[in-house]
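Data first, discussion second: the structure below is written as structure tokens.
Residue numbers (our numbering), protein chains in the order written: chain U, 28 to 321; chain H, 1383 to 1513.
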């Protein structure tokens, strides 16, 4: 009995730490661990995952806000589309076959993984040459005051940046919301991509702001599971405590790492995620089994 | 530094501080209830139930469990605080931006809150069948 709780706690520490490094909630680690290793029904695993995603977000978000890496305005602005997406995602989930969406998501994630890999060396070059600062704020981004500054510990200096394409960024971020409403993940991977690749926000500011937003997006989905009675508090408690601890550690380490390292971790994670999504889609939609964890 | 930029930076730091306090309060409250709950679980040696269930049938039921020091009441409370923390962060941010007279962001944050409210309604209309 004690070992069961300890197991849940340790898995959660790992998921929280890893999630904080790359700006995700860690749900992609918790769901397979709970179903495959702990043999919980998938729905219960997703519900537990969603609550623990809130926990990682709170712990990680706080540390990043204290370190002043988070762009609170940018986060608030994009939350309109992530919570809106979560709402739409929940509705679509009721009306549409999940496998179609799994396949679409799998493809999208693979695309983002490749984009992230190709730009792995670009990040610090862009900071060095002042390119993030030189990007012209477009009209809407300027009105919304989306520009920001943070102190990069690995580079040992302040990084100023401007934001661009807020509408395009919002559209991509809303997909993250759909993912969380439908699949019980935080959708941090997509949020980071929306900010870093679409809106030209530096990687670390994107990761920190993504963590900041995940809590609100996941809370929206968690309420649904909570009302429906799908949350097993005996599982959620050790998992949430573990993710909080792991996320706090991860967010302290994150600003000390070079963004190239973060991008590579992000790339590997997304390849794994994309594969799992497609495996899940093929298995539930067409009964084609390819080896997968979920 | 321009005056406008300075003002924005000071304002941002104020809002950062408020957000940080809310998140810390929510986190420690949750940790407290979870730890008490888990200590009670260990003392009584309850195994982890594999099915989710209706924990309480009424408020009276909940308070009886709470004062009777049943683990589930504390674990339940911890979960409620956890879910409500990001939501309260949104609500309080509305007032923080209002105090800073940043009406654009009062609007932005209010829309986010509205969407959460709609989700609660949608959630209770479409009851999902879980585990």
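Note that the Cβ used here is the ideal one computed from N, Cα and C, for glycine as well.
All values derive from a computational prediction rather than experimental measurement.
How would you list, in chain order, the residues of chain U whose beta-carbon sits under 9 Å from the beta-carbon of residue 1492/H?
Residues of chain U passing the Cβ test: none, with the nearest at roughly 10 Å.
Per the DSSP calculation, residue 177/U is bridged to which residue(s)?
186/U.
Contact set for residue 225/U: own chain, Cβ-Cβ below 8 Å, skip 5 residues either direction:
192, 195, 196 and 199.
Classify residue 1445/H as buried or exposed, calling it buried when 16 or more other Cβ atoms lie within 10 Å of its own Cβ.
With fewer than 16 other CB atoms across the displayed protein chains lying within 10 angstroms of its CB, residue 1445/H is exposed.
Chain H contacts from the stretch 35–62 of chain U (Cβ-Cβ distance under 9 Å)
If you check each beta-carbon in the stretch 35–62 of chain U against every beta-carbon of chain H, the ones closer than 9 Å belong to 35.
Compare the C-alpha of residue 273/U against each of 260/U, 32/U, 297/U and 45/U and name the closest.
Looking at the Cα atoms, 45/U is the closest of the given residues.
Close beta carbons around residue 81/U, own chain, < 7 Å, minus the five adjacent residues each side
Here the set comprises 242, 245, 246 and 249.
Assigned secondary structure, residue 1383/H (DSSP; H/G/I helix, E/B strand, else coil)
With a pLDDT of 48 at residue 1383/H, under the threshold of 50, the modelled position of this residue cannot be trusted; read the value that follows with caution. Of the three classes helix, strand and coil, the one that applies to residue 1383/H here is coil, per DSSP.
Hey, is residue 1481/H's beta-carbon within less than 9 Å of any beta-carbon in chain U?
Not one chain U Cβ lies under 9 Å of residue 1481/H.
Beta-carbon contacts of residue 268/U that lie in its chain and below 6 Å, excluding the five residues immediately before and after
Nothing meets the Cβ criterion.
Opening and closing residue of the alpha helix (DSSP H) in which residue 65/U lies:
Neither: residue 65/U is in no alpha helix (DSSP H) and is coded neither H nor E.
Contact set between residue 253/U and chain H, taken where Cβ atoms lie within less than 9 Å:
Within chain H, the residues near residue 253/U are 1461, 1462, 1465 and 1505.
Closest to residue 1408/H by CA distance: which of 292/U, 279/U, 58/U and 271/U is it?
Comparing Cα positions, the closest option is 271/U.
Residue 97/U CB to nearest chain H CB: under 9 Å?
For residue 97/U, the nearest beta carbon of chain H is closer than 9 Å to its own beta carbon.
Rounded to whole angstroms, what's the CA-CA distance from residue 36/U to residue 251/U? Just pull it up for me.
Near 25 Å, if we compare the C-alpha coordinates of residue 251/U and residue 36/U.
With residue 286/U as the anchor, note down where its alpha helix (DSSP H) starts and where it stops.
Per DSSP, residue 286/U belongs to the alpha helix (DSSP H) from 286–313.
What are the boundary residues of the alpha helix (DSSP H) that includes residue 1440/H?
No alpha helix (DSSP H) contains residue 1440/H, which DSSP labels as neither H nor E.
Proximal chain U residues relative to residue 1440/H, where beta-carbon distance stays under 9 Å
Here the premise fails: no neighbours, minimum Cβ distance about 14 Å.
Quick check: the Cα distance between residue 302/U and residue 133/U, rounded to an integer number of angstroms?
Near 7 Å, if we compare the C-alpha coordinates of residue 133/U and residue 302/U.
Whose C-beta lies closer than 7 Å to the C-beta of residue 223/U among residues of the same chain, with five residues either side of it excluded?
Excluding residues within five positions, the ones whose Cβ falls inside 7 Å are 230 and 233.
DSSP three-state label for residue 1402/H, please.
Helix at residue 1402/H.
Does DSSP put residue 226/U in a helix, in a strand, or in coil?
Coil, per DSSP.
Determine the direct distance from the alpha carbon of residue 171/U to that of residue 1479/H, and round the result to whole angstroms.
Residue 171/U has its alpha-carbon roughly 13 Å from the corresponding atom of residue 1479/H.
Between residue 144/U and the rest of its own chain, which residues show a CB-CB distance below 6 Å, the 5 nearest in sequence each way excluded?
Excluding residues within five positions, the ones whose Cβ falls inside 6 Å are 294.
Stretch-stretch touch, CB-based, cutoff 8 Å, three pairs: the stretch 62–78 of chain U with the stretch 258–267 of chain U
Verdict: yes, contact present.
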